Structures are given as structure tokens and as C-alpha cells.
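What follows is a set of notes on a single structure, which appears directly below.
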Amino acid sequence: MDPQIQQKVLQFETFVNDVLKADLAKLAEKLDARNADVAEFLQLKSMITTFQNTNVEKTGFKTKVDIGNNFFIQAHVPDASKILLDVGLGHYIEFTLDEALVVINIRIKLLEQQIANLRSAIARTNAHIKLILITIRDLQGMREDDMGVMDIYHYLVDEISDPRVSDWPLMSNPFGIVLISLAYLFFVLYFGPLYMKDRKPHALVKTMICYNISIATASAVLFYGILTSGYTTHLSMGCEPFVISDDSISLSMARWMWWILILKIAELADTIIFILRKKYNQISFLHVYHHTATLVLAWITCKYAPGGMWTFVMLPNCAVHVVMYMYYLCACLGPKTQKIITPWKKYVTRLQLIQFAIMTVHTFQALLPSCEPTRKPLAYIYMSQVAFMFYMFLDYYRKSYLQKKIK
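The sequence shown begins at 11 in the numbering used here and counts up by one.
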């Protein structure tokens with residue numbers, strides 16, 4: 011390579027590493043601080059509202075005070091009608107509870123504006139980094155098809171992924187999840203039916219009851235975990251750029267996304283139970299594809315973007331799965347219960363269609379030029395899979411309910 015080009019490449023790389031990435035880290039730190047401030051104000055607002063609703067401001071209340079070394083004493087607050095708020099520079103002003111709520115709402119709005127500005131700055135910095143990396147590649151005379159297999163693998167698995175999850179089980183490389191997917195497909199498409207060919211179907215009633223209760227409960231817990239790891243404080247349903255951060259809320263969200271992956275692995279047991287019961291009519295292409303695709307998407311999300319707007323799709327997914335597996339649970343309880351719930355089956359399918367519609371609309375934001383400029387491939391993967399599954403579920407609904415109704 012020409013020495014002058016080498017020098018320019020070195021300058022660009024130094025600028026990215028020493029300036030842009032440093033700026034990105036500072037912006038992420040500021041964003042975490044503002045999010046923490048919003049969370050604190052929301053908690054204070056909730057406490058004040060509770061005081062007003064329970065008439066505590068007039069009657070007072072008791073609380074415990076930490077005096078150090080894990081020792082606590084009980085304190086009585088006789089008058090809770092006023093509160094001191096930190097207005098900055100170590101100064102506090104006394105407000106009534108109504109006045110405090112007004113001040114808190116103003117502070118929250120100001121902080122939300124600062125958060126929006128910081129997210130825009132983070133998006134611009136990420137775009138600048140991407141542009142410089144493309145420039146470096148052009149200077150080096152490299153194209154995507156000039157990269158070796160190992161270069162592409164290293165880039166996809168190490169360089170653009172979230173380094174926080176790289177040491178977690180199944181997350182260092184895709185081989186584990188690929189092996190699980192292949193083993194699932196091998197059992198479902200070949201070994202399972204072959205094994206059960208000359209055997210009587212198993213009832214597995216108790217197994218199904220325990221399984222459905224477990225999946226429904228796990229889905230509810232994961233819904234709550236994801237909801238309280240950002241969506242009750244600073245995350246909205248709009249474009250929320252994913253920022254790699256070591257703050258407690260961001261790490262909590264990443265951990266919940268890993269548990270989503272584990273849940274998707276556990277849900278593969280659906281098909282295994284069908285095979286052991288010889289319910290082959292329920293093992294459709296839609297069923298097998300849906301389980302395999304959601305497993306792969308869960309791994310991709312945890313590996314590359316376990317935060318920001320990319321986690322929202324798991325909220326409707328978990329909510330629907332609570333309803334769906336409760337329906338399956340009722341279906342296990344005997345013919346009488348089955349007769350009662352059968353008319354509701356089409357509504358469960360409708361709920362799934364609504365879920366995919368919500369996912370599609372929400373993810374569409376990522377295709378906008380100003381939203382997540384460095385993660386467009388992830389948006390295309392999401393959109394294509396969600397749209398395809400929506401089409402298949404719609405086709406299933408039409409054939410199962412609408413055409414039968416016409417006949």
C-alpha cells in the first residue's frame with residue numbers, strides 16, 4: 011500500500027478511536043445520567059401522588075432511617091404537606107406537594123429534551139464513525155467481497171456485536187444456537203417421527219400442564235422485567251437508539267434479553283410434545299418455521315442490540331404468550347374445558363396477528379434515515395421476518411376460520 015495512503019488510514023483510525031469513540035463514551039455517560047435523573051424524578055412523583063391519595067400529608071407517616079452499618083431506626087414524620095426539592099448548586103426550596111409536582115413535571119420535560127438531544131448526537135457520532143470506516147475501506151482498496159471468510163466472521167461476531175454479552179452462555183459465537191436449531195429440525199423432521207412410528211402416542215397430560223404453566227409464568231416475568239428495565243422510566247415507543255452502556259438499567263435489559271433467548275429454546279418443547287403425542291397435524295411449516303425463526307431472532311437481538319427500540323417487540327410477544335399458553339393449559343384439562351375454550355381459539359390467532367402488526371409498525375421506524383443509521387441490516391432482518399410471519403398467520407387464519415365459515 012502507498013505510504014501516504016497508510017498514513018491517512020492511520021490518521022482516520024486514530025481520529026475514530028481517540029476522538030469519536032471517546033465522544034461517544036462521554037455522550038453515553040451523559041445519557042445514562044439524564045435517564046437516572048428522570049427515573050429519580052418519576053419515583054419522587056409517584057411517592058408524592060401516593061401521599062396525596064392516602065391523605066398522608068395531613069396524618070404524617072412512619073419510616074425507617076439507615077444510621078449506618080445496617081442499623082435502622084424508626085422515624086415519625088408528623089407533617090408531610092411540604093417537601094424540599096434540590097434546585098441545584100446545593101440549594102433546596104420548600105414546596106407544597108402540588109407545587110412540587112408542577113416543578114417535577116417541568117424538570118422531567120427539560121430532561122427528556124436533553125435526552126432527545128443526546129440521542130441525536132449519539133446517532134450522528136455513530137454515523138460519522140461508519141462513514142470514516144467506509145472511507146478507510148475505500149482507501150485500502152477493499153470491497154466486501156475482497157474480505158476473507160475469517161475476516162467476515164470476525165467482523166460479524168466480534169466487531170459489531172455487543173461486547174458485554176460475549177462471555178455469556180451461547181453468546182460468544184453462533185455455533186451453539188445453530189447446533190440447537192439443527193438438532194431441533196433433525197428431531198422434528200426425521201428422528202422424532204421415525205422413533206414414534208411403531209409406538210403408541212403418549213398422553214403427557216401432567217407434563218403439558220406443568221409445561222404450559224411454566225412458559226406462561228416465565229413470559230409474564232420476562233414482560234415485567236423488560237418493562238421495568240427502561241420502559242417505565244426513559245424508553246418510549248419511538249425511535250430509541252441502542253447505546254452500549256454499563257449502567258445498571260442497560261445491563262438489566264441485556265440480561266432479560268438473554269433470558270428471552272433461553273425461553274425461546276424452552277418453547278421448542280412444543281413440537282417435541284406434539285411428536286410424542288403423535289399430533290402430526292399440528293406440526294405445520296408455519297409452526298416449525300415460527301419456532302426456528304424466533305429463536306434465531308432472539309439470539310441476534312441479544313448479540314447485537316439488547317437495548318433501545320430493539321427490545322420493544324418482546325413486550326407484545328411475551329404478553330401474547332401469557333394468553334396463548336394459558337389457553338393451551340385450559341386445553342389440557344379435559345373435554346369439558348376444551349369445549350368451553352374452543353370458540354376462543356380464533357381470538358388467540360387474532361391476538362397473534364395484532365402482535366405482528368404492532369411489531370411491524372414499530373420496527374418500521376428503524377428504516378427512517380435519522381433512526382439507527384448503523385443498524386439498518388438489523389431492521390431489514392426484523393421487518394422481513396415479522397412481515398413473513400404475519401402473512402403466514404393471516405393465511406392460516408383465513409383458511410382455518412374464514413373459509414370454514416363460508417362453507
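Just so you know, even glycine gets a beta-carbon here, dropped at the ideal spot from N, CA and C. Remember, predicted model here, so these are calculated numbers, not experimental data.
In the DSSP assignment, what residue or residues form a beta bridge with residue i?
{"i": "Y430", "result": "In the structure displayed, the chain extends from 11 to 417; residue 430 sits before or after that span and is not available."}
Would the beta-carbon of residue i be found less than 8 Å away from any heavy atom of the ligand PLP?
{"i": "F105", "result": "Of the ligands one can find in the structure shown there are none, so the ligand PLP has no counterpart to examine."}
If you follow the beta strand (DSSP E) that residue i is part of, which residue opens it and which one closes it?
{"i": "T73", "result": "F71 to G78"}
{"i": "Q375", "result": "Careful: Q375 lies outside any beta strand (DSSP E) and carries neither H nor E."}
{"i": "F81", "result": "F81 to V87"}
Would you please state the rounded distance, in angstroms, between the beta carbons of residue i and residue j? I believe it to be under 8 Å.
{"i": "N136", "j": "T384", "result": "5 Å"}
{"i": "L286", "j": "L214", "result": "6 Å"}
{"i": "N45", "j": "I116", "result": "Between I116 and N45 the Cβ distance is about 18 Å, and since that is not below 8 Å, they are no contact."}
{"i": "L339", "j": "I223", "result": "6 Å"}
{"i": "L41", "j": "V332", "result": "With 8 Å as the limit, L41 and V332 do not qualify as a contact, their Cβ atoms being about 32 Å apart."}
{"i": "V306", "j": "S394", "result": "V306 to S394, Cβ: 12 Å. No contact."}
{"i": "V113", "j": "H244", "result": "Actually they are not in contact, since the Cβ atoms of V113 and H244 sit about 19 Å apart, beyond 8 Å."}
{"i": "V323", "j": "T373", "result": "7 Å"}
{"i": "G202", "j": "Q375", "result": "Contact flag wrong, Cβ pair sits at about 40 Å."}
{"i": "S239", "j": "W266", "result": "6 Å"}
{"i": "W309", "j": "L271", "result": "6 Å"}
{"i": "T73", "j": "A85", "result": "6 Å"}
{"i": "A133", "j": "P251", "result": "5 Å"}
{"i": "G186", "j": "L180", "result": "4 Å"}
{"i": "L325", "j": "I225", "result": "Actually they do not touch by this definition, with Cβ atoms about 17 Å apart."}
{"i": "A110", "j": "L95", "result": "6 Å"}
{"i": "Y407", "j": "T352", "result": "Y407 to T352, Cβ: 15 Å. No contact."}
{"i": "Y411", "j": "K356", "result": "5 Å"}
{"i": "I142", "j": "V26", "result": "5 Å"}
{"i": "P211", "j": "K288", "result": "4 Å"}
Distance check for residue j and residue i, CA to CA, integer angstroms please.
{"i": "L37", "j": "Q53", "result": "24 Å"}
{"i": "E122", "j": "A90", "result": "29 Å"}
{"i": "K173", "j": "R209", "result": "For the sequence presented, residue 173 should be read as Pro rather than Lys. For P173 and R209, the distance between alpha carbons rounds to 48 Å."}
{"i": "N80", "j": "W354", "result": "53 Å"}
{"i": "I15", "j": "I146", "result": "9 Å"}
{"i": "A193", "j": "Y337", "result": "28 Å"}
{"i": "N291", "j": "Q362", "result": "20 Å"}
{"i": "F366", "j": "V396", "result": "6 Å"}
{"i": "Y392", "j": "M206", "result": "36 Å"}
{"i": "D28", "j": "I139", "result": "12 Å"}
{"i": "F51", "j": "G78", "result": "25 Å"}
{"i": "T304", "j": "P184", "result": "15 Å"}
{"i": "I103", "j": "I93", "result": "8 Å"}
{"i": "E23", "j": "Q17", "result": "10 Å"}
{"i": "G318", "j": "I259", "result": "11 Å"}
{"i": "Q87", "j": "V75", "result": "The question names Gln, but residue 87 in the sequence shown is Val. Going from the Cα of V87 to the Cα of V75 covers about 11 Å."}
{"i": "W320", "j": "M160", "result": "28 Å"}
{"i": "K409", "j": "S176", "result": "44 Å"}
{"i": "A329", "j": "Y335", "result": "10 Å"}
{"i": "D257", "j": "A264", "result": "11 Å"}
{"i": "Y234", "j": "Q21", "result": "47 Å"}
{"i": "F61", "j": "V97", "result": "22 Å"}
{"i": "C381", "j": "N127", "result": "13 Å"}
{"i": "L107", "j": "I58", "result": "7 Å"}
{"i": "D280", "j": "Y200", "result": "16 Å"}
Just reading off the alpha helix (DSSP H) that residue i is part of, what are its end residues?
{"i": "Q21", "result": "P13 to F25"}
{"i": "E39", "result": "K31 to N63"}
{"i": "E109", "result": "L107 to L149"}
{"i": "L296", "result": "F295 to Y314"}
{"i": "C249", "result": "Taken as a continuous stretch (DSSP letters only), C249 belongs to no alpha helix (DSSP H), as it is neither H nor E."}
{"i": "W269", "result": "S258 to A276"}
{"i": "F400", "result": "K386 to Y407"}
{"i": "Q348", "result": "P345 to I351"}
{"i": "L412", "result": "L412 -> no alpha helix (DSSP H), and no H or E assigned at all."}
{"i": "G202", "result": "G202 to M206"}
{"i": "F322", "result": "Looking at the DSSP string, F322 is not in any alpha helix (DSSP H), and its letter there is neither H nor E."}
{"i": "L180", "result": "First-last for L180: undefined, no H or E at that position."}
{"i": "I170", "result": "Unbroken run through I170: none, as it is neither H nor E."}
{"i": "S91", "result": "Looking at the DSSP string, S91 is not in any alpha helix (DSSP H), and its letter there is neither H nor E."}
{"i": "T238", "result": "Where T238 is concerned, there is no enclosing alpha helix (DSSP H), given that its DSSP letter is neither H nor E."}
{"i": "A213", "result": "Premise fails: A213 is in no alpha helix (DSSP H) and is neither H nor E."}
{"i": "S191", "result": "F185 to F196"}
{"i": "D280", "result": "A279 to L286"}
Legend entry - Segment contact flag, the region 230 to 237 with the region 306 to 314, C-beta cutoff 8 Å, min 3 pairs: no
Legend entry - Stretch pair the region 289 to 299 + the region 399 to 407: three plus CB contacts closer than 8 Å: yes
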